[in-house]
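Note that our numbering has the sequence shown beginning at 5, numbered continuously upward.
Note that CB positions come from ideal geometry on N, CA and C, so glycine has one too.
Source: prediction; values computed, not measured.
Structure, as structure tokens:
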Amino acid sequence: MSEIFYPNRDFSKQANVKNMCEYKETCAEVDDDYEGYWDEMAKEKIDWYKPYDKVLDESNAPFYKWFTNGKLNVTHQCIGRHLKSRKNKAAIIWEGEDGSRRIITYLLLFYRVNRFANLLKNKFGVKKGDRVVIYMPMIPEAAFAMLACAKIGAIHSVVFGGFSAEALSDRIKDAKAKVVITADGAFRRGNPYLLKPIVDEALEKGCDSVENVLVVQRNFEEIDMVEGRDHIYNDLIKLESEFCEAEEMDSEDPLFLLYTSGSTGTPKGVQHSGAGYILWAQYTMENVFDVKENDTFWCTADVGWITGHTYIVYGPLAMGATTIMYEGVPLYPNAGRWWKMIEELRINQFYTAPTAIRLLHKVGADEPAKYDLSSLKVLGTVGEPINPDAWLWYYNTIGGGKCPIVDTWWQTETGGHIVSPLPGATPIKPGSATFPLPGIKAEIIDKEGNPTPKGEKGLLCITKPWPSMIRTIWGNPDRFVKSYFGDCKKDGKPVYFSGDAAIYDDDGYIFITGRTDDVINVSGHRLGTAEIEGVIGHEEHVAEVAVVGKPDDIKGEGVFAYIVTKKEIDEESLLKNINKLITKDIGPIARTDGILLVPGLPKTRSGKIMRRILRSIAKGEEITQDISTIEDSSIVGIIEKLFKSKK
Ligand code: WT7
């Protein structure tokens, strides 16, 4: 199969896991005593207020509980406990798009978070268990806000700043948030943009639970303030004390919600708890990125996604590292921006998405050579399968052929990495996430739990509970059980199914092939086709619509819609109308790249759209599926012809 790249020897010598023997030994230890392994990890890594009395409680499966009755506060793990030895170490180095920088040491972070926590508690009456929505640009206050919630036991729900008012309002309502934290605006591609007006619009859509809005001034633009409801952070924060008692939290108390798309229905509020999540965030920082005391770690995600939660905020801070936060886009002012930052900030571990690598390769292949990238030790990728071309460019040009690439497979629901190489140990293959991490039982199986033969597609499942797993879907436990534990069983017991298909190659390496459900992956972001179809269906000319992913050189997948119209309209105008609606109801990330007007959609006799066939057509694949169950099978040929003539 594909070429193998062995770990760099000098790197391996100093790595936390040095070779495959060590990896296999740990795996054997885990097989021998699963709970014992996690017990050891939790004791070693977490600074508990009070010890737990049980490692794993399976009595109410799949609502697993970890480290029962243990007490901790995640901010003590991330800040407080570092004050002894790292008080003036940089915790967060922030860079604005305009090049300005802010360095926040652990001690300053402690004060900021305490003031923020006091503000939420004293001024807005936020208590343990209350939900706080954070709708922010990439500024340090976004991290302060998350940690302030954690300090007082409030549950944060960060909503990505690219989502529309409609999407924001749905998430506020579902969580019944008491407070919304936002900014006046921020900068993107050199231009200021506003966020606060989007919050105002969202709150007009009946978010009755919201009592207060806190606005961080970032670009000092003119914004409307609602008397009594809206408050300026910059004024109020000065009045609060720099000390705040941390709430003593139970291991299983929720830490945050993060909404993500499913194959059907509205977005789901994935609920994570404190102890298990922070343990795994820290563990993976230490072992997958091999971050050492003096290293500087940069994850380019937005805090609005799980990658930003775990690998900009919680993971790096839990281990006492220095984390980078960048406000802007990779192409500003040119395609060398990120490489310049790596040179200037002496970045040691760099973590990004295949879509960004492809983009920077395409538009700025000459840029990396202009910078000194020799500080890099480990490169990471996440979000979608990485194609060998992009992988090789990343490896050779960015990593100078000396940095291992950790292709990390995981999900919003898993909290942290699940399948990934260990940089000092695992021989890597381009395009493979390689093997499950020690302690994780991830397997490719069929629905009954039989292992899939090598070279054949199967379902990627996690067959034992793990500490950082999703606990439930906020307000909808039935949907939690059905979405994740309804498809696959092993030894007769329901196990977690990820929604992804995967293949073992001849050497047992795991290659992820993509989603098996109606979820598409655009630039590493998950979008539900049902949600997009719902929006397109509201366009007045549209009678019927089916959305699928269409391969895209940069984004991995683009949104593509097959549409049956009820009134005449040309394709171009319809595409424009649709994208206006999508931008308003979901956000620009879900915009449709292309549409095809068709006379009908392939459906089963019971009326279900056969998306699999439409997906194959969009991918330009031969139709090999059985089409005999289609009500009118001639439609497949017609759509295929239309699709080809369009190209
Ligand atoms: C889906 C999860 C986890 C943070 C980013 C996305 C896909 C993720 C990989 C990878 C192939 C990957 C999967 C997964 N995915 N990482 N290394 N190789 N595919 O989080 O929005 O929860 O999406 O992203 O399809 O199910 P998410």
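Where residue i sits in the DSSP three-state scheme
i, result
"leucine 261", "strand"
"isoleucine 586", "helix"
"lysine 652", "With the chain represented from 5 up to 651, any question about residue 652 goes unanswered, as that position is not in the structure."
"valine 317", "helix"
"glutamine 629", "coil"
"lysine 127", "helix"
"cysteine 303", "strand"
"methionine 253", "strand"
"isoleucine 390", "coil"
"alanine 322", "helix"
"alanine 622", "helix"
"isoleucine 378", "Correcting the residue type first, residue 378 is serine in the shown sequence and not isoleucine. In this structure, serine 378 counts as coil in the three-state DSSP scheme."
"tryptophan 42", "helix"
"asparagine 20", "coil"
"tyrosine 500", "strand"
"proline 440", "strand"
"tryptophan 414", "coil"
"phenylalanine 120", "helix"
"lysine 272", "strand"
"asparagine 400", "helix"
"lysine 494", "strand"
"valine 219", "strand"
"phenylalanine 114", "helix"
"alanine 505", "strand"
Identity of the residue in the options nearest residue i by Cα
i, options, result
"asparagine 583", "Gly538, Arg619, Lys571", "Gly538"
"glycine 403", "Ala305, Glu331, Trp343", "Trp343"
"leucine 377", "His365, Phe354, Ile540", "Phe354"
"lysine 17", "Pro201, Lys497, Met229, Gly428", "Gly428"
"isoleucine 642", "Ala622, Ile361, Val602", "Val602"
"phenylalanine 484", "Pro471, Ala32, Asn12, Val499", "Val499"
"leucine 112", "Asn92, Phe9, Leu124, Val367", "Asn92"
"cysteine 25", "Asp491, Ile107, Leu426, Met289", "Leu426"
"tryptophan 302", "Asn338, Asn352, His313, His276", "Asn352"
"glycine 319", "Ser213, Gly280, Gly562, Leu380", "Gly280"
"methionine 4", "Glu644, Glu170, Leu383, Lys497", "Outside the displayed range of the chain (5 to 651) lies residue 4, so it cannot be described from this structure."
"glycine 611", "Glu548, Ile328, Lys648, Glu572", "Glu548"
"aspartate 589", "Glu371, Ser379, Gly541, Pro431", "Gly541"
"aspartate 178", "Leu605, Thr270, Arg105", "Thr270"
"aspartate 521", "Met345, Leu76, Thr268", "Thr268"
Contact set for residue i: own chain, Cβ-Cβ below 7 Å, skip 5 residues either direction
i, result
"lysine 468", "Tyr38, Lys445"
"isoleucine 422", "Trp413, Trp414, Pro440, Leu441, Ile444, Ala446, Ile466"
"threonine 587", "Ser168, Arg595"
"aspartate 557", "Arg362"
"aspartate 57", "Thr72, Asn73"
"arginine 90", "Tyr110, Gly324"
"valine 34", "Tyr41, Pro442, Gly443"
"arginine 222", "Pro141, Ile143, Ala187, Asp188, Gly189, Ala190"
Close Cβ partners of residue i (< 8 Å) along its chain, the five nearest in sequence each way excluded
i, result
"threonine 608", "Met614, Thr633, Ile634, Glu635"
"serine 436", "Ser6, Asp411, Asp509, Tyr513, Ile514, Phe515"
"leucine 172", "Val137, Tyr139, Val163, Ile202, Val203, Ala206"
"arginine 616", "Gln629"
"lysine 493", "Lys451, Glu452, Gly453, Val499"
"leucine 87", "Tyr110, Leu111, Phe114"
Integer-rounded CB distance, given that residue j should sit under 8 Å from residue i
i, j, result
"valine 523", "serine 265", "6 Å"
"aspartate 509", "lysine 458", "7 Å"
"alanine 121", "threonine 109", "Not quite, the Cβ-Cβ distance comes to about 18 Å (not below 8 Å), so this is no contact."
"valine 203", "valine 184", "6 Å"
"aspartate 166", "proline 358", "Position check: residue 166 holds glycine in this sequence, whereas aspartate was assumed. About 19 Å; that fails the 8 Å criterion."
"tyrosine 53", "aspartate 61", "Contact flag wrong, Cβ pair sits at about 19 Å."
"threonine 79", "lysine 155", "5 Å"
"serine 277", "arginine 475", "5 Å"
"valine 274", "leucine 262", "5 Å"
"leucine 335", "arginine 341", "7 Å"
Sequence-distant residues of its chain with Cβ nearer than 6 Å to residue i (five each side left out)
i, result
"isoleucine 176", "Val137, Cys211"
"threonine 356", "Thr304"
"alanine 19", "Asp294, Gly428"
Near the ligand GDP: residue i beta-carbon under 6 Å from a heavy atom
i, result
"aspartate 411", "In the structure on display, the ligand GDP does not appear, and the ligands it does have are the ligand WT7."
(request) For the stretch 51-110, list the beta strand (DSSP E) runs that are entirely contained and at least 3 residues long, ordered along the chain. (result) 58-61, 69-72, 94-99, 105-109
(request) Identify every run of the alpha helix (DSSP H) within the stretch 450-492, keeping only runs that are complete inside it and at least 4 residues long; order them along the chain. (result) 481-489
(request) Scan the stretch 567-611 and note each continuous alpha helix (DSSP H) run of 4 residues or more that stays entirely inside, going in chain order. (result) 575-589
(request) With a floor of 4 residues, list each alpha helix (DSSP H) that falls wholly inside the stretch 324-357, ordered by position along the chain. (result) 341-349
(request) Counting only runs of 3+ residues fully inside the stretch 133-213, write out the beta strand (DSSP E) ranges in chain order. (result) 135-139, 159-162, 183-187, 189-192, 195-198
(request) Output the residue ranges of the alpha helix (DSSP H) runs that lie fully inside the stretch 507-572 and measure 4 residues or longer, sorted by chain position. (result) 533-540
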